[in-house]
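A.B. asks: Sharing a structure below in C-alpha cells format, with a few things to ask.
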Amino acid sequence: MTTDLPLTGRARPDRVPHSLPEWRALGGYQAVERALALTPLQVLDTVDAAALNGRGGAGFPAARKWRFMPAAADAVSPGPNYLIVNGDEMEPGAFKDRFLLEALPHQLIEGTIIAGFATHATEAIVLIRDDYRAAIAGLTRAIAEAEAAGLLGDNILNTGYSLHIRVHPSAGRYIVGEETALIAALEGGRAMPRKRPPFPAQSGLWGRPTTVNNVETISHVPHILAHGAQWFRALSRTEEGGTKLYGLSGRVNRPGLIEAPMGTTARELIDRAGGVSGNGRLLCFQPGGGATGFLGPEALDVPMDFGHVAKAGSMLGTGTLIVLDETACPVEVTARHMAYYARESCGWCVPCREGLPWAARILHALEEGTARREDLQALHDIAREASPRGRSFCDLMGGAMGPLASLLSRFGDLVDDHLHGGCPRRRAP
Amino acid sequence: MTLPADLETRIRHLVAHEGGPRAAMLETLRSVQAAEGWVSDERLAQVAAVLGVTPAELDGVASFYSLIFRRPVGRTVILLCDGASCGLNGADAIRDAIRDRLGIGYGQTTPDGRFTLINSACVGGCDRAPAAVVGPDRTLVGPLTPALLEELIGGAP
Ligand SMILES: Cc1cc2nc3c(=O)[nH]c(=O)nc-3n(C[C@H](O)[C@H](O)[C@H](O)COP(=O)(O)O)c2cc1C
Ligand code: SF4
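Line order of the protein sequences matches chains A and B. Each residue of the first sequence is one higher than the one before, counting from 1 in the numbering used here. Each residue of the second sequence is one higher than the one before, counting from 1001 in the numbering used here.
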C-alpha cells in the first residue's frame, strides 16, 4: 500500500470500488480487527494522539468530540447511540467526499466501525446527497458484502461488538449538511438547525447521543489504527495530523483532487494542478470552498491547515481551493456564492433570510452596472452586521459572509469600479 | 386518480419502520416521486391522509427540499451547476446554449416534456467544470461543451 497516500493510494483511477475480496487482499479490515481488540477508550486515545481534526469544515478534533459520547452504562436511559457520517457535500467548490464515497466505500465502512466502536454507537447512518447515485449504490453494496462476511452487523468478527450501517440519501438542501439540521432531516421533517446546547452527543437523533463526522474524517480513521498515532502525525507538516484530501478548481490548468501532507502550501497545490489558467497570474483563492474568505498571492506559502489558514485571515474549510486568475472577477464569484447561500438559507433567522438575498441582489447589480453608491454602503453594513459569530442560529450566514467581507476589504477599489458601468472585466477593453 | 395500492402499502411500511407518520414524511414524498416523477397536489393530499398529517405540514417538508419536485418535470432533468467554479469555466455559455437549443431557462420544461433545466450549485463536479448532473441516474457530465451538450440532447429519451 502507498503509505504516503493512505487515503487515496488504493483507489482505482476510474473510481470503480473494490469488491470485498479485493479490498481484503489490499489489507482491508485489518484495522478493524486491530481496533476491536482494544477497548473503546484505547481507540479514542489513539485517535486523540494522532491529532485528527474534523474535515467537514470547522476542524474540530475528532477525538474530543467522541469523548462526549456516553457508554451505554453511563447513558441516562437505555437505547442506541448513533454515529452519523456526513456525506452531504454541497459546499460550492467541494468534490472530495464524492471521491472517497465512490471509490473507497470499504475504507469508509472500516472507519465507521472503528469510530462507532469508540463512540459506543449501535447504529450508523451515512447521509449522502442524492446526486451521488454511484456512491449510494456502491456503498450499499459494500455494506451488504461486509455484513455477509461477518465484518459488519451483529457480533462483528466475534468480538461482541455490533454495528449496523445504513445509507440515507438526502432530498437536497445545503443546510442538511449542518449537523443539527442533518439530524432533523433524518427524523423525516424540515431540516431546520437546532439549538445547541444540548449538543448532539447529549441529545441528537431521536434524542439519543449522536456524533456527526465528515466522510473524510471517518475515512482517515482506519489508517490511524493500522499504523499508529505517531505515524499519522508524521504524515503532516504541521501539528495537525495526517494527509489532507485537497481539491483545486476554478482557474487552474488541471483541476482535481490532491492528497498531500496536511500543511501543504497553496503554491505547491496550484503547481501540481498545472498552474493558474486564464492569464496565468493568480489574483486570489478561496482555501476551502465558497464559505471561506479570499486570500491573495501573499498567502501562497501559508501551510494549509486549519490553524495557519485561520491565522492568515480565512479558513481551511473543506480544503478545496477555488482559484481566480487576474482576468476573473471576485465580485462575480461572490455574487454566485451569495445567490446560492441566499437560496439555501432555511429562513429561520431574519438577518440570514433577508440579508443574504439583499446582498445577492446588490452584488448582481454591481456586475450589471446598475448599482448605486448607497447599495455599496448597504453591502458594507450587511457584512459588518452579519459577520460576527452568534448573530444567527447556525453558521450558514457567517460562512456566507466569508467571501463578502474579504471581497470588500481586499478588493474595495475593484468593487468601486463596478459602480461605473458594471464589471470592468466584462467591459470591452 | 386514486392512490395506487402499492404506494399505500409502501407508506404504511415506512410509518412502521421510520418511527411513526411524521418520521416517514420525507421518505413518503421520495417514494411518490420515485413512482411518478413529481408530487402533485392531489397525491400530496392523498398521502397526507394516509400518514394522518395535514397536507400543509407535508407540503412544508416537500417544499423545503430542492429535489422534491412539486411541479411536473421533463423525462430528463438537467441540474446545471451555476456555482463559482463552473461559472469561472463558462457555465453561463452552457446555460445560453441550452436556451438557444431547447428554448428553456432555469426552472422551465420543454413543451414536449423531454427536458427540465434547473440551476444547482454545486454539483460536486468542480474538477469537471462546467458540469451538470443529468437524468434519472444523476450522471455527472462535464466539462460541458456545445458538442457534448448536443450529444446529450440527442441521446436523451
Ligand atoms: C450550512 C452548513 C453546511 C454544512 N455542510 C456540511 C457537509 O456537507 N458536510 C460536512 O461534513 N459538514 C458540513 N457542515 C459542518 C457540520 O455541521 C459538522 O461540523 C461536520 O459534519 C462535523 O464533521 P467533522 O467534525 O468530522 O468535521 C456544514 C455546516 C454548515 C453550517
Ligand atoms: S443562519 Fe440562516 S440557515 Fe442558519 S438557521 Fe439562521 S436562517 Fe437558517
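We put the beta carbon where it would ideally sit given N, CA and C, even for glycine. It should be emphasised that the depicted structure is a prediction, and the values quoted were computed from it without experimental measurement.
1) In its own chain, which residues sit with a C-beta less than 7 Å from the C-beta of A:ARG208, not counting the 5 before and 5 after it?
2) Which chain A residues sit within Cβ distance under 9 Å of B:ARG1138?
3) Would you verify that the beta carbon of A:SER77 is, or is not, closer than 9 Å to some beta carbon of chain B?
4) Per DSSP, what are the beta-bridge partners of A:GLU123 in this structure?
5) According to DSSP, what are the bridge partners of A:GLN286?
6) Is any beta-carbon of chain B found at less than 9 Å from that of A:MET1?
7) At which residues does the beta strand (DSSP E) containing A:LYS244 begin and terminate?
8) So is B:HIS1013 buried or exposed if we call it buried at 16+ other beta carbons inside 10 Å?
9) Can you tell me the Cα-Cα spacing of A:GLU179 and A:SER345, whole angstroms?
10) According to DSSP, which residues form a beta bridge with B:ALA1132?
11) For A:ALA121, which residues from the same chain have a beta carbon less than 8 Å from its beta carbon, with the 5 sequence-adjacent residues on both sides left out?
12) Quick one, which residues of the stretch 1005-1026 of chain B are near chain A if we go by CB-CB under 8 Å, in chain order?
13) Please report the distance separating the alpha-carbon of A:THR320 from that of A:TYR132.
14) With a 10 Å radius around its C-beta and 16 neighbouring C-beta atoms as the bar for buried, classify B:ALA1016 as buried or exposed.
15) A:MET401 versus chain B: which residues are under 8 Å apart at the beta carbon?
16) Mark A:PHE60 as exposed unless 16 or more other C-beta atoms lie within 10 angstroms of its C-beta, in which case mark it buried.
17) Under DSSP, the alpha helix (DSSP H) around B:LEU1058 begins and ends at which residues?
18) In angstroms with no decimal places, state the Cα-to-Cα distance between A:ALA124 and A:VAL85.
19) Count the other C-beta atoms from every protein chain shown that fall within 10 angstroms of the C-beta of A:SER77, then say buried if there are 16 or more, exposed otherwise.
20) Which of helix, strand or coil does DSSP assign to A:GLU178?
21) For ligand 2, is there a heavy atom less than 8 Å away from the beta-carbon of A:GLU344?
22) Provide the residue span of the beta strand (DSSP E) that contains B:ILE1068, from first to last.
23) Let me know the secondary structure DSSP gives A:GLU259 once reduced to three states.
24) Measure the Cβ-Cβ separation of B:GLY1090 and A:VAL333 and say whether it is below 9 Å.
25) I'd like to check one pair, A:GLY87 with A:VAL126: are the Cβ atoms closer than 9 Å?
26) Cβ of B:VAL1061 less than 9 Å from any chain A Cβ?
27) Give the DSSP-derived three-state secondary structure of A:LEU151 in the structure shown.
28) At the level of alpha carbons, what is the spacing between A:ALA149 and A:GLY111?
29) Please state the DSSP three-state secondary structure of B:ILE1104.
30) Report buried or exposed for A:ASN253, applying the criterion of at least 16 other Cβ atoms within 10 angstroms of its Cβ.
31) So, A:PRO222 versus A:GLN107, is the Cβ gap smaller than 9 Å?
32) Can you list, in chain order, the stretches of the beta strand (DSSP E) that have 3 or more residues and sit fully within the stretch 293-371 of chain A?
33) Strictly under 9 Å for the Cβ-Cβ distance: is A:THR265 near chain B by that measure?
34) Do A:LEU396 and ligand 1 come close, with the Cβ less than 8 Å from some heavy atom?
35) Determine whether the Cβ of A:THR320 lies closer than 9 Å to any Cβ atom of chain B.
36) Within the same chain, show all residues whose beta-carbon is closer than 7 Å to that of A:ILE109, passing over the 5 residues directly before and after it, in chain order.
C.D. replies: Per the coordinate set shown:
1) Excluding five sequence positions before and after A:ARG208, the CB atoms of its chain that fall closer than 7 Å to its own CB belong to GLY79, PRO80, ASN81 and TYR82, given in chain order.
2) Here the neighbours are ASP130, ASP131, TYR132, ARG133 and ALA134.
3) Chain B, which has no Cβ nearer than 9 Å to the Cβ of A:SER77, makes this no.
4) Looking at the DSSP output, A:GLU123 sits in a beta bridge with A:TYR82 and A:HIS164.
5) In the DSSP output, where bridge partners are listed per residue, A:GLN286 has A:ILE322.
6) At A:MET1, the pLDDT of 48 sits below 50, so the modelled position is not reliable; the number obtained from the coordinates is stated separately. For A:MET1, the nearest beta carbon of chain B is not closer than 9 Å to its own beta carbon.
7) Run containing A:LYS244: 243-250, per the beta strand (DSSP E) assignment.
8) By the neighbour-count rule (16 or more Cβ atoms within 10 Å), B:HIS1013 is not buried but exposed.
9) If I take the Cα positions, the gap works out to 15 Å.
10) Answer is B:LEU1080 and B:VAL1141.
11) Excluding positions up to five away in sequence, the list reads MET69, PRO80, ASN81, TYR82, LEU83, ALA115, LEU163 and THR211.
12) Those residues of the stretch 1005-1026 of chain B that come within reach of chain A (Cβ to Cβ, closer than 8 Å) are GLU1018, GLY1019, ARG1022, ALA1023, ALA1024, MET1025 and LEU1026.
13) Distance between the alpha carbons of A:THR320 and A:TYR132 is about 18 Å.
14) Around the CB of B:ALA1016, fewer than 16 other CB atoms lie within 10 Å, so the residue is classed as exposed.
15) Those do not exist, as A:MET401 stays about 16 Å from chain B at its closest Cβ, beyond 8 Å.
16) Result: exposed.
17) It spans 1055-1064 - the alpha helix (DSSP H) in which B:LEU1058 sits, taken as one unbroken run.
18) Taking the straight line from one Cα to the other gives about 7 Å.
19) When all chains shown are included, A:SER77 counts as exposed.
20) Three-state result, A:GLU178: coil.
21) Yes, Cβ of A:GLU344 sits closer than 8 Å to a heavy atom of ligand 2.
22) Neither: B:ILE1068 is in no beta strand (DSSP E) and is coded neither H nor E.
23) Residue state for A:GLU259 is assigned as strand, using DSSP reduced to three classes.
24) In this structure, A:VAL333 does not lie closer than 9 Å to B:GLY1090 by Cβ.
25) Contact annotation: A:VAL126 and A:GLY87 have beta-carbon atoms nearer than 9 Å.
26) It does; some Cβ of chain A falls within 9 Å.
27) Coil, per DSSP.
28) Approximately 17 Å, taken between the alpha carbons.
29) The answer is coil: DSSP assigns B:ILE1104 none of H, G, I, E or B.
30) Per the 10 Å Cβ criterion, exposed.
31) The Cβ atoms of A:PRO222 and A:GLN107 sit closer than 9 Å to each other.
32) Within the stretch 293-371 of chain A, the complete beta strand (DSSP E) runs of at least 3 residues are 320-325.
33) The Cβ of A:THR265 sits no closer than 9 Å to any Cβ of chain B.
34) A:LEU396 Cβ: within cutoff of ligand 1.
35) Yes, A:THR320 counts as interfacial toward chain B.
36) Excluding sequence positions up to five before and after A:ILE109, its CB lies within less than 7 Å of the CB of ALA142, ILE143, ALA146, LEU152 and ILE165, all in the same chain and listed in chain order.
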